[in-house]
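Chemist: For the sequence shown, the working numbering assigns the number 3 to the initial residue and increments by one for each residue that follows. Take this structure, written in structure tokens, and hold onto it; I'll ask about it next.
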Amino acid sequence: MGIALLTLFSINAFAQSPTKTVSIAVAANFTPAMKEIQKKFETATSATLVISYGSSGKFYTQIKNGAPFEIFLSADVERPEKLEGEKETVAGTRFTYAVGQLVLWSATPGLVDDKGDVLKGDFKKLSIADPKAAPYGAAAQEALQSLKMWDKVSERLVQGVDIAQAHQFVASGAAELGFVALSQVKTKDGIAGSAWMVPANLYKPISQQAVLLNKGKDNPTAKAFLEYLKSKEARGIIEGFGYKPE
Numbered sequence: 003m004g005i006a007l008l009t010l011f012s013i014n015a016f017a018q019s020p021t022k023t024v025s026i027a028v029a030a031n032f033t034p035a036m037k038e039i040q041k042k043f044e045t046a047t048s049a050t051l052v053i054s055y056g057s058s059g060k061f062y063t064q065i066k067n068g069a070p071f072e073i074f075l076s077a078d079v080e081r082p083e084k085l086e087g088e089k090e091t092v093a094g095t096r097f098t099y100a101v102g103q104l105v106l107w108s109a110t111p112g113l114v115d116d117k118g119d120v121l122k123g124d125f126k127k128l129s130i131a132d133p134k135a136a137p138y139g140a141a142a143q144e145a146l147q148s149l150k151m152w153d154k155v156s157e158r159l160v161q162g163v164d165i166a167q168a169h170q171f172v173a174s175g176a177a178e179l180g181f182v183a184l185s186q187v188k189t190k191d192g193i194a195g196s197a198w199m200v201p202a203n204l205y206k207p208i209s210q211q212a213v214l215l216n217k218g219k220d221n222p223t224a225k226a227f228l229e230y231l232k233s234k235e236a237r238g239i240i241e242g243f244g245y246k247p248e
């Protein structure tokens with residue numbers, strides 16, 4: 003067991019836990035990074051992370067309706083903060099684990115230029131996540147409004163239920179381009195296809211927060227995972243997938 007993962011609470015309590023399983027709700031944009039983090043954590047602790055991926059808005063509703071999640075990794079600050087105010091979380095456990103970056107992306111190399119001028123062109127479909135449920139969708143809408151392009155492209159929009167579906171629409175060719183998370187398209191060799199890094203001044207920072215939910219308050223493994231998420235190793239993984247430090 004990696005002792006460094008368990009510095010802030012009893013190692014014995016963790017070892018004696020009747021179950022080393024944690025149920026975690028994770029915002030869809032964080033899927034690639036979370037899979038790598040899961041692998042590292044499970045190897046170090048012999049624990050099992052039961053992970054569900056989806057939109058932050060959907061998870062908020064499910065948590066309010068009694069879903070058995072013990073940890074929530076949202077794509078925003080609003081929903082963890084709201085859950086905290088509604089006494090659905092363990093006090094003092096909410097923190098920012100990542101700051102996301104929005105990109106305009108196409109699976110076709112060379113289609114998206116480095117200034118985003120393709121948005122002024124004759125494309126047929128532009129994919130975004132649902133702005134009401136997904137923070138990256140809200141950021142995409144805000145960026146388009148900042149560019150005074152929202153009304154011009156609104157009839158060509160296709161909306162995914164979350165950022166994973168918005169990405170899939172572009173990857174499958176259902177839309178020529180779309181606003182996605184950098185973490186979804188960044189590879190070791192750069193960005194697959196073509197992309198424009200949307201300037202940060204066009205949308206509010208996508209600060210992503212984690213929180214321990216009440217259902218996880220007595221689970222040492224849940225606490226261990228949140229401490230690992232703050233570790234230098236986890237930070238390196240997160241930044242490697244294109245997230246900015248807090």
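The beta carbon of each residue, even a glycine, is placed where N, CA and C say it ideally should be. In this text, all values refer to a predicted model and were calculated from it rather than measured experimentally.
Measuring only the C-alpha atoms, how far is Q161 from G175?
Modeler: 14 Å
Chemist: Evaluate contact between the stretch 156 to 172 and the stretch 78 to 93, counting only Cβ atoms and requiring at least three cross-stretch pairs below 8 Å.
Modeler: no
Chemist: So does the stretch 100 to 118 actually touch the stretch 183 to 198, counting three or more Cβ pairs closer than 8 Å?
Modeler: In this structure the stretch 100 to 118 lies against the stretch 183 to 198, because at least three pairs of beta carbons, one per stretch, are closer than 8 Å.
Chemist: DSSP puts I193 in a beta bridge; with which residues?
Modeler: I193 pairs with K188.
Chemist: Find out if the Cβ-Cβ distance for the pair R138, A212 is shorter than 9 Å.
Modeler: The question names Arg, yet the displayed sequence has Tyr at residue 138. No. Outside cutoff.
Chemist: Which first and last residues belong to the beta strand (DSSP E) in which T50 is found?
Modeler: T50 to G56
Chemist: Residues in its own chain within less than 7 Å of E248 by CB, not counting five upstream and five downstream?
Modeler: T98 and V101
Chemist: Quick one: residues in its chain with C-beta nearer than 6 Å to the C-beta of V92, no 5 flanking neighbours on either side, listed in chain order?
Modeler: L214 and K219
Chemist: Taking 9 Å as the cut-off, decide whether the C-beta atoms of L1 and L159 are in contact.
Modeler: Here the chain covers residues 3 to 248 and nothing more, so residue 1 does not appear.
Chemist: Three-state secondary structure (DSSP) at F71?
Modeler: coil
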